[in-house]
Amino acid sequence: MNKPTVVDRFRALFGRAPDFVARAPGRIEFIGNHTDYNGGTVLGAAIDRGVWVAVAARTDGPRRFATDQRDGVLALAAGAPEKQAGAASWTNYPLGILAALPAFGLRAPGGFDYLAMSDLPLGAGLSSSAAIEVSSALAFLALTNQAPSRETVVKVGRHAENHFVGVPCGILDQGVSGFGQKNRLVFIDCRGPHFDTVSLPAGAHFWIFNTHTKHALIDGLYASRHRECMEAAKALGVAQLADVTPAVFAQRGTSLPATLSRRAAHIVGEIARVGEVRGALGKDDLAAVGLALNASHASSRTQFENSTPELDFLVEILATAPHVYGARLTGGGFGGAVMALTAEKFAESDARKVAEAYAQKFDAVPDILHTQTGDGAALV
Ligand code: GLA
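Numbering-wise (our numbering), the sequence shown opens with residue 3 and increments by one.
Next up, the structure:
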């Protein structure tokens, strides 16, 4: 995907060139699983694929939405956005941005023509939703001649997801999409939030295995994990689980009901692992990073219970594959994708062997994506 392709498609649909084009990347959750909404730390990578949004102002009222993922143009009256269902539900991401802007003292545009295009696999745990939110936010802000900070843009994206789309997510996805940099990982201390980047050692490669499986109750499961974490924090007498150190948890964790204790153990352990990984990255010690990735997955499997047999199988196979440092589920879990951190020597043929083993067991072929880090969201 590139700007001329997006502009051509926009012209074909709306009969004129867009005023602005924005692009926001998808992300890999490197480590720090479900830590974000617990006030913890997390490391992620923006990847070299994303969502492109083109817009042009209209003076005659309606907001017209189109995407390369579906046929047709949806025209909605300008004014307070209303949540859409069915085939139009993809517009809830840009509509959520329009609804969120005033909460940050920003103006939403009136009428416009809007096109979203994506080279990011959808539903692969690479956060296409954050990518469309952040690129829409940048496009709408350009259309209204407003330029808030990058931090505000990513917060607008999260606000849309929390309050309009209705998922109680943290800042990870939008934060990484907004602050990503090529050859670097984004480090977020979600308590501020504070955004930083750390260098990714040369020779580190990412492979994504997308199972295309998705738990039917995925949104409800995410929300229930969120609720359990809040309950665990309350029972431990802290505002959020990030306030509990591993030492304190070792003493007091067992007083929690068993399920809450496991959930909290995952979060406290993950936050510690993010620290370990940050340290190991500083020493270019990818072997140590890989061990922490494997430990993160084991904790998802046994403590947070957000893995699936499909994801577990991939991680197990990858653990014995050559040139693999480590692997774990990436993102919310309950289906989706596994990320492997590998050396350069890990080849397409190695990835295919993993996919074949998976196909034999599950009678379905996972998509393989060899991806690189990429830059964060911007007008293009
Ligand atoms: C989803 C959410 C993020 C984060 C991850 C789990 O991707 O959108 O905010 O909670 O799950 O780490």
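Ideal Cβ positions, reconstructed from N, Cα and C, are used throughout, including at glycine.
Three-way DSSP call (helix, strand, coil) for residue i in this model
i	result
leucine 202	coil
asparagine 164	helix
leucine 100	helix
arginine 66	strand
aspartate 191	strand
threonine 210	Correcting the residue identity first, residue 210 is isoleucine in this sequence and not threonine. Correct three-state label for isoleucine 210: strand.
methionine 232	helix
aspartate 287	coil
histidine 196	strand
serine 151	coil
leucine 223	helix
lysine 347	coil
leucine 262	helix
arginine 275	helix
lysine 184	coil
lysine 216	strand
alanine 82	coil
Selection from the options that minimises the alpha carbon distance to residue i
i	options	result
threonine 199	Lys85, Ala80, Asn212 and Gly180	Gly180
threonine 310	Leu295, Gly335 and Val382	Gly335
glycine 205	Arg303, Leu343, Gly378 and Ser263	Leu343
histidine 299	Ala329, Arg11, Asp21 and Gln148	Ala329
isoleucine 33	Ile269, Ala345 and Ala56	Ile269
Unbroken alpha helix (DSSP H) run spanning residue i, endpoints
i	result
threonine 247	No alpha helix (DSSP H) contains threonine 247, which DSSP labels as neither H nor E.
leucine 145	130 to 145
alanine 366	Taken as a continuous stretch (DSSP letters only), alanine 366 belongs to no alpha helix (DSSP H), as it is neither H nor E.
alanine 14	5 to 16
Classification of residue i by the beta-carbon crowding that lies within 10 angstroms, buried from 16 upward
i	result
aspartate 369	exposed
glutamate 31	buried
glutamine 176	buried
lysine 216	exposed
alanine 89	exposed
asparagine 4	exposed
glycine 81	exposed
leucine 288	buried
asparagine 147	exposed
valine 250	exposed
glycine 98	buried
arginine 275	buried
glycine 239	exposed
Segment limits, beta strand (DSSP E) that includes residue i
i	result
leucine 238	Unbroken run through leucine 238: none, as it is neither H nor E.
threonine 373	369 to 373
serine 179	It is not in any beta strand (DSSP E) - serine 179 instead sits in the alpha helix (DSSP H) that spans 174 to 181.
phenylalanine 114	114 to 120
alanine 77	76 to 78
Legend entry - Runs of alpha helix (DSSP H) wholly within the stretch 18 to 63 (minimum 4 residues, chain order): none
Inset, instruction - Quick one: which unbroken beta strand (DSSP E) runs of 3-plus residues sit fully inside the stretch 292 to 339? Chain order, please. - result: You should have 326 to 332.
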